[in-house]
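Start counting the sequence shown at -12; every next residue gets the next number (our numbering). Written below as structure tokens is the structure these notes are about.
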Amino acid sequence: MSAPSAEAAPRDVEVVLRKAGRTKLRYPARLVADDGSRVTVRAPWAGAGVRDFGFVRFEPGDVFVEHYWRDRWYAVKEVYAADGSLKGWYCDVTRPVIRDGAVLTSEDLDLDLWCSADRTRIVRLDEDEFEASGLPVSDPAAAEAARAALDDLERLARRGRLV
């Protein structure tokens, strides 16, 4: 990982996750690095209580190391348990991230991918939500970029090269 640039200050940032033009979630994070292309932050699990997906549980005490790119249509979140063990990677298909000072804004496009720490379980998620979102009709170019990003994430996960 590259050393943070001089522009990296401030070290505390707010992550804003948007979906369908609305703010879905806001949470504080600690800036780890910003090399001009990739922005990496560290944050505790920002959800309320436990979120059980069946193949992984996010719970209080979990820590996320989140990687966002200005030139890629996805974000990769390394998920660690409270004891420091890696649970796996939760990947969001998003528009390229925007950083404005201490605010990092990511727009979720509904497609997701989970990859377990041992890479034995790679699951594509929410493809039905994506189709129902209307994006394929309202913005076909963005929809195509989103589908390509999900395919890229799956290839990277299978090769062990998500971050």
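No residue lacks a Cβ here, since even glycine has one placed at the ideal position from N, Cα and C.
Query	Result
Three-way DSSP call (helix, strand, coil) for S103 in this model	strand
Residue interval of the alpha helix (DSSP H) (run including D139)	127 to 146
Separation of G88 from A144, as counted between CA atoms	31 Å
S(-11) (DSSP reduced to helix, strand or coil)	In this predicted model, S(-11) has a pLDDT of only 37, less than 50, meaning its place in the structure is not dependable; the value taken from the coordinates is given anyway. Coil, per DSSP.
As assigned by DSSP and simplified to three states, the class of A7	coil
Residue range of the unbroken beta strand (DSSP E) whose run includes D87	85 to 87
Own chain, CB closer than 6 Å to K64, minus 5 neighbours either side, in chain order	F51, E53, Y77
Burial state of M(-12) (16 or more Cβ within 10 Å)	The pLDDT assigned to M(-12) is 39, lower than 50, so where the model puts this residue is not dependable, and the model offers no usable value.
Closest Cα partner of A16 within the set R9, D58, A33	A33
S103: CB within 6 Å of a non-hydrogen atom of the ligand NAD	Because no ligand of any kind appears in the structure shown, any question about the ligand NAD cannot be addressed here.
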